[in-house]
Amino acid sequence: MKFSKNKTSSFLMVFLVVLSFLIFLPQALVSQNQFPKPVGHVNDFADVISENTGCQIEAICIEVKQKTGAEIAILTVQTIGDQHDTDYTIRLLEDENWQLGERGKDNGVLIFKLFRREN
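For the sequence shown, our numbering begins at 492 and goes up steadily by one.
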């Protein structure tokens with residue numbers, strides 16, 4: 492079976508494109524959708540909240556939840572790579588670990604602070 496130069500070039504181009512997707516797409520999906528696991532109401536992954544302040548905020552969040560049913564989470568991160576912060580927080584809140592408030596009620600609050608933008 493003989494291939495012309497044009498067919499061989501086309502086949503090689505398609506093969507390289509498919510190979511690129513197979514190599515880089517899974518890596519991009521993982522980096523875009525991996526979120527830190529919440530450790531309570533105060534999730535200070537940027538390490539900017541003192542332990543004492545974190546305990547005070549945690550106590551306030553617990554009290555608010557007990558009295559009103561509203562759930563508050565604080566999240567600080569140093570960077571989210573080249574992602575836009577709005578897109579990041581929307582995807583974060585869709586993650587099963589970060590769903591705040593009670594189902595069917597609009598009573599969840601995320602306070603998000605990004606300290607360094609990559610782009």
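Positions of the beta carbon are idealized from the N, C-alpha and C atoms, including for glycine.
Taking the CA atoms as reference points, R582 sits about 30 Å from N543.
Exposed is the label assigned to V539, since fewer than 16 other Cβ atoms lie within 10 Å of its Cβ. Each of V555, I565, D586, E554 was checked against the Cα of V530, and the nearest Cα belongs to I565.
Taking a C-beta distance under 7 Å as the contact criterion, E562 and G595 do not qualify as a contact pair.
Fewer than three beta-carbon pairs drawn from the stretch 583–590 and the stretch 546–561 are found closer than 8 Å, and the two stretches are therefore not classed as touching. Remark: C-beta atoms of G560 and N534 do not approach each other more closely than 7 Å. Here DSSP, grouped into helix, strand and coil, assigns V533 to strand. Following the DSSP letters along the chain, one finds A550 inside the alpha helix (DSSP H) bounded by residues 542–559.
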